[in-house]
Amino acid sequence: MGEDDEEDDEDAKEEKKDADTDRGGVPEPSFTPSAATTAPLLGPLALLAHGPFYADRPAAAVADEAAVTPLMLAAGAGPGYEGCVSALLRSAQRRRIRVNVEKTQRFQNFDVGASISLSDEESRSTAAHYAAQSGAYVALRLLAQFHPPSVEKGNYNGETPLHHAAANGQEECIRVLTDELGVPRTVADESGWIPLLYADYAHRRGAVLTLMARDLQEQLGAMHAILDSHLSRPKVMKVLRMIATVPPFYDALNAHIRAHISLLSGPLSFLLTNSRGSHVVDFANRRCWLQHQLNDRHRWSSTQSMHSADFEPLAVAHSDAWGSFRRWVLRNGPTHLTGAPLSHHCSFRGMPARGPGVERDLLDRIAMEITRDEGRVGGPDGDDEDAFEAIDASQLSRHSQMDDERKHSEAAALGFALLRPASEGLDVYHPPNLPDQLPAWLEEGYAALGRLLGYCVLHQSPFPVSFSSAFLKGILGRSTAWEDLEEMAPEVARSLETVRDMDGGVEDLCLTFSVEEEETTLPAESLEDDEDDDEESDNDDPEIWWSWRRLEQNPSDRPMLNRISHWVRQQDHARGSLWRSGSMHVDRVRTMLESEYRVDLSNRTDWLTRAVEFVVAKTLGLPRPATRARREDVVDLTTSAADENAGGVATTTTAATTTRTETELVPGGSKKTVTDFNKDKYVKLHARHRLDRVTKSAAIEAVRRGLLEIVPLELLKHFNPPEFACLLGGVAAIDVHDWRANARYDGYDEQSPQVRWLWRLVHSFTPDERTLLLKFATGS
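Following full-length UniProt numbering, the numbering of the sequence shown begins with 1 at its first residue and continues without gaps.
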């Protein structure tokens, strides 16, 4: 026997002695494999570790034809075989076998690290992969103790033991690998997939929550990095859907976002920008993110407006809250709304009080005035006997030429409400059926309403009006569905369902492809008077008025307009009667605009001159020349037919009226009969027409335009219609006990398991979620 053989015998005897000592003299345990495939090899594992000697390698490194070693089998057998794993590792640690490679003088050391690093032939997986897959977390500790790099080594696809632990839902292995052994949760395979993408979301949720417990931001960022890959995107989207639909995952993600809301504007922005990602982030977090975005967007106006000498506080007339607000918004634009909450500067005339209570009172009054049956665009209080006297049609041509206060007072006489109930008995509102072309004064009114809604979103001031789902979808640009028609026109929906479900005899109903409906007819404003009148009176009046409107409505001119008003006040204070005489203000204003604003007035001289005259008179409270020239032509609103017969000015009392109109659904539809064969098409076209009259109306477009001046669409698109309703109306405090006491069940009772589950869930809801549930259930 040679020297090497004697040394090997001595090493084997020493290892046998140490193993017996470790077991306390107890005979070697018999192994009961957990898998039938490992049974032939697991039995003699201890014998391999402490018995027969292999000249070229330790027992832990002996491999079969598939390159599977005893160490892999022991680690893959699961919990309970840690003693075998330990024995194999100790055996490999004590042997330093030098192997002559191809009969050369080069030698290879086959130590414990090499034994642990061996991989099988099929997937290039190591013993650590086997341990992670089987849940042998103690074996993972042993492998890391003897050879730390083994727990991060990837197989042929770059999958680490952590990937295998996640795929098999081995929660404790995940915790040991990440929290104890320092394996990063963002370790990626060859395709960039992290363990969170391997996890079993359906059956092993504990493992998912363990992965999400820490470093969630980095993990989501890693998923975002591969979102553009056509191979990885479906998997990432599937994971996001699972997170959105499984409450524990959803809560874990949103708890993390709630503590770091700024992440939605940075590395986690893809959760919002993705077409389906908005559902992953809950409403409360998205609303908080929206407030951050709006505050950043309007920070400049909030720091400048209230401190500017040109800032005009809102003074509200008790009898005309909506008219006061509307005129104030048209004069000052949206910057006064974004600059400061109304509670900081709004007050009712004759009352110095300000604050949140005054703001709530204002919004309540506005809501009442634009929705009540005798509601108006603006004007006197409803108690005024002449509040709803009809406007003479001949005066409407001069309506736009009157001063602002008088214009809005006369608009009141139309007896027109901006919003009406969507259906009988339902307290949700949208604009009535209106012509495609709105009068300018009415379009301005709807735009002012849009700005008010934008203000309510920006400053989180609830507006006490519930809007129909069709109205909300029209603002957001979303498509409508059958349930929207059922809400806004339930009788029409039931009739169409009857037609659709008829088995025959549809022709007997005598229906055609046309719709007969009510439409509100409004008198149109006109800037063109009779030519004879123009020759007899000052024809600059309408031009001055429209010059003023152009200054107000052009965003680039609003600062100039405010500067004119401020400068006029300064000049009036300094020069007094000379300034009021009007002998110098036009030239001085023109010079000021050219020098301070560098405005090219070469092509704007005529209308600017008239606008300056108008703004000077308005700022100083002087009579306006154009208006004085028209006074004798202004007809008293209370002129009666008797006055006309007596030789007074002829009047025709024409207020807003409702007429029946017929609209063809297809060309020649009024002559095309609905039959059993085309009834489905008729129902579809009829429903679409009814919905489009709301969602695509000129009124909705005006409201939308005003709203988007304050809240951009790219921010609103992350909210669905019920959530948008909550942004506008706030979140109500819902008493669940009262809700439960007044609930009615169809086919169930209060003791039914489903009912108990429902109320248990509702009790766990946040106020936001309860409000959304109420909106879903009732539409209000």
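All C-beta atoms, glycine included, are put in the ideal place defined by N, C-alpha and C. Remember, predicted model here, so these are calculated numbers, not experimental data.
Euclidean distance between Cα positions of Ala128 and Glu121: Numbered from 1 along the sequence shown, position 128 holds the residue referred to as residue 128. Numbered from 1 along the sequence shown, position 121 holds the residue referred to as residue 121. Cα to Cα, the separation comes out at about 15 Å.
First through last residue of the beta strand (DSSP E) which encompasses Leu438: In the sequence shown, residue 438 corresponds to position 438, counting from 1. It is not in any beta strand (DSSP E) - Leu438 carries neither H nor E in the DSSP assignment.
Cβ distance (whole Å) where Leu140 is taken to contact Val176 below 8 Å: Counting from 1 along the sequence shown, the entry for residue 140 is found at position 140. Counting from 1 along the sequence shown, the entry for residue 176 is found at position 176. Confirmed, about 6 Å.
Segment limits, alpha helix (DSSP H) that includes Asp738: By 1-based counting over the sequence shown, the position of residue 738 is 738. Where Asp738 is concerned, the enclosing alpha helix (DSSP H) stretches over Val736 to Ala741.
Assigned secondary structure, Pro421 (DSSP; H/G/I helix, E/B strand, else coil): Within the sequence shown, the letter at position 421 stands for residue 421. Pro421 falls in the strand class under three-state DSSP.
CB-CB length for Ser466 against Glu487, believed under 8 Å: On the sequence shown, position 466 is the one that residue 466 refers to. On the sequence shown, position 487 is the one that residue 487 refers to. Rounded, the Cβ-Cβ distance is 11 Å, inconsistent with contact.
At least three beta-carbon pairs within less than 8 Å, the stretch 281–301 to the stretch 313–329: No, because fewer than three Cβ pairs between the stretch 281–301 and the stretch 313–329 fall closer than 8 Å, the two stretches do not touch.
Pairwise C-alpha distance: Tyr748 and Val755: As a position in the sequence shown, residue 755 is number 755, starting the count at 1. As a position in the sequence shown, residue 748 is number 748, starting the count at 1. If I take the Cα positions, the gap works out to 7 Å.
Cβ-Cβ distance between Thr663 and Val492 below 8 Å: Residue numbering aside, residue 663 sits at position 663 when the sequence shown is read from its first letter. Residue numbering aside, residue 492 sits at position 492 when the sequence shown is read from its first letter. The answer is no: Cβ separation not under 8 Å.
C-alpha gap between Arg704 and Trp322, whole angstroms: Residue mapping note: residue 704 aligns to position 704 of the sequence shown, counting from 1. Residue mapping note: residue 322 aligns to position 322 of the sequence shown, counting from 1. Spanning the two alpha carbons is a distance of roughly 19 Å.
Residues sharing a beta bridge with Glu518, DSSP: Here residue 518 is taken as the residue at index 518 of the sequence shown, counted from 1. BP columns for Glu518 point to Arg660.
Spatial distance of Pro184 from Ala59 (CA atoms): As a working note, residue 184 is residue 184 in the sequence shown. As a working note, residue 59 is residue 59 in the sequence shown. C-alpha separation (whole angstroms): 32 Å.
Three-way DSSP call (helix, strand, coil) for Ser125 in this model: Taking the first residue of the sequence shown as 1, we reach residue 125 at position 125. Of the three classes helix, strand and coil, the one that applies to Ser125 here is coil, per DSSP.
As assigned by DSSP and simplified to three states, the class of residue 781: Here the chain has residues from 1 to 780 only, and residue 781 is not among them.
Any C-beta of chain C under 8 Å from that of Phe467: Chain labels in this structure do not include chain C; a single protein chain is all it has.
Cβ-based burial, His203 [other Cβ within 10 Å; buried from 16]: Counting from one through the sequence shown, the residue named residue 203 turns up at place 203. With fewer than 16 Cβ atoms within 10 Å of its Cβ, His203 is classed as exposed.
Simplified DSSP state of Ala315, which is helix, strand or coil: Taking the first residue of the sequence shown as position 1, residue 315 is located at position 315. Strand at Ala315.
Check whether Ser115 and Ser150 have beta carbons under 8 Å apart: In the sequence shown, residue 115 corresponds to position 115, counting from 1. In the sequence shown, residue 150 corresponds to position 150, counting from 1. Going by C-beta atoms, Ser115 is not nearer than 8 Å to Ser150.
DSSP three-state assignment for Phe719, whether helix, strand or coil: Along the sequence shown, read from residue 1 onward, the residue named residue 719 stands at position 719. In this structure, Phe719 counts as coil in the three-state DSSP scheme.
For Glu701 and Arg690, the rounded distance between their alpha carbons: In the sequence shown, the residue the question calls residue 690 occupies position 690. In the sequence shown, the residue the question calls residue 701 occupies position 701. If I take the Cα positions, the gap works out to 17 Å.
CB of Val506 within 8 Å of CB of Lys681, strictly: In the sequence shown, the residue the question calls residue 506 occupies position 506. In the sequence shown, the residue the question calls residue 681 occupies position 681. Going by C-beta atoms, Val506 is not nearer than 8 Å to Lys681.
Residues near Val683 in its chain [Cβ-Cβ closer than 7 Å; skip 5 each side]: Along the sequence shown, one-based indexing puts residue 683 at 683. Taken in chain order, the residues that qualify are Leu496, Val499 and Arg500.
Pick from Ala725, Val674, Glu714 and Ala167 that is closest to Asp272, judged by C-alpha positions: On the sequence shown, residue 272 is found 272 positions in, with the first residue counted as 1. Here residue 272 turns out to be Leu, not Asp, going by the sequence shown. The option with the nearest alpha carbon to Leu272 is Glu714.
Opposing strand residues paired with Asp320 [DSSP bridges]: To locate residue 320, count along the sequence shown from 1; it is residue 320. DSSP, once it has assigned bridges, lists Ala317 as partnering Asp320.
Three-state secondary structure (DSSP) of Asp749: Translated into the one-based positions of the sequence shown, residue 749 becomes position 749. If DSSP states are grouped into helix, strand and coil, Asp749 belongs with coil.
Asp746, buried or exposed, once every other Cβ within 10 Å from all chains shown has been counted against 16: Residue 746 sits at position 746 when you count from the first residue of the sequence shown. Counting C-beta atoms within 10 angstroms of its own C-beta, Asp746 has fewer than 16 neighbours from the protein chains shown and is therefore classed as exposed.
Test item: CB-CB of Thr471 and Val694 under 8 Å: Looking up residue 471 in the sequence shown gives position 471. Looking up residue 694 in the sequence shown gives position 694. Going by the sequence as given, residue 471 is Phe instead of Thr. The answer is yes: Cβ separation under 8 Å.
Euclidean distance between Cα positions of Val208 and Gly135: If you number the sequence shown from 1, residue 208 lands on position 208. If you number the sequence shown from 1, residue 135 lands on position 135. Rounded to whole angstroms, Val208 to Gly135 spans 15 Å at the Cα level.
Under the three-state DSSP convention, the category Val694 falls into: On the sequence shown, residue 694 is found 694 positions in, with the first residue counted as 1. Correct three-state label for Val694: helix.
Collapsed DSSP secondary structure at His260 in the structure displayed: If you number the sequence shown from 1, residue 260 lands on position 260. Residue state, collapsed to three classes: coil.
C-alpha distance - Glu443 paired with Val329, whole-angstrom precision: Taking the sequence shown and counting its residues from 1, one reaches residue 443 at position 443. Taking the sequence shown and counting its residues from 1, one reaches residue 329 at position 329. Roughly 14 Å separates the two Cα atoms.
Buried versus exposed, by CB contacts within 10 Å (16 or more), Ala190: In the sequence shown, counting from the first residue as 1, residue 190 sits at position 190. Residue identity check: residue 190 is Glu in the sequence provided, not Ala. Classification for Glu190: exposed.
Three-state class that DSSP yields for Leu181 in the structure shown: Here residue 181 refers to the residue found at position 181 of the sequence shown. Coil at Leu181, not helix or strand.
Burial state of His260 (16 or more Cβ within 10 Å): In the sequence shown, residue 260 corresponds to position 260, counting from 1. Burial call: exposed.
Which of helix, strand or coil DSSP assigns to Tyr429: Taking the sequence shown and counting its residues from 1, the one referred to as residue 429 is at position 429. Looking at Tyr429 - three-state DSSP - the assignment turns out to be strand.
Beta-carbon spacing of Val658, Thr520 below 8 Å: For the purposes of this step, residue 658 is taken as residue 658 along the sequence shown, with counting starting at 1. For the purposes of this step, residue 520 is taken as residue 520 along the sequence shown, with counting starting at 1. Reading off the sequence shown, one finds Thr at residue 658, where the question assumed Val. The Cβ atoms of Thr658 and Thr520 sit closer than 8 Å to each other.
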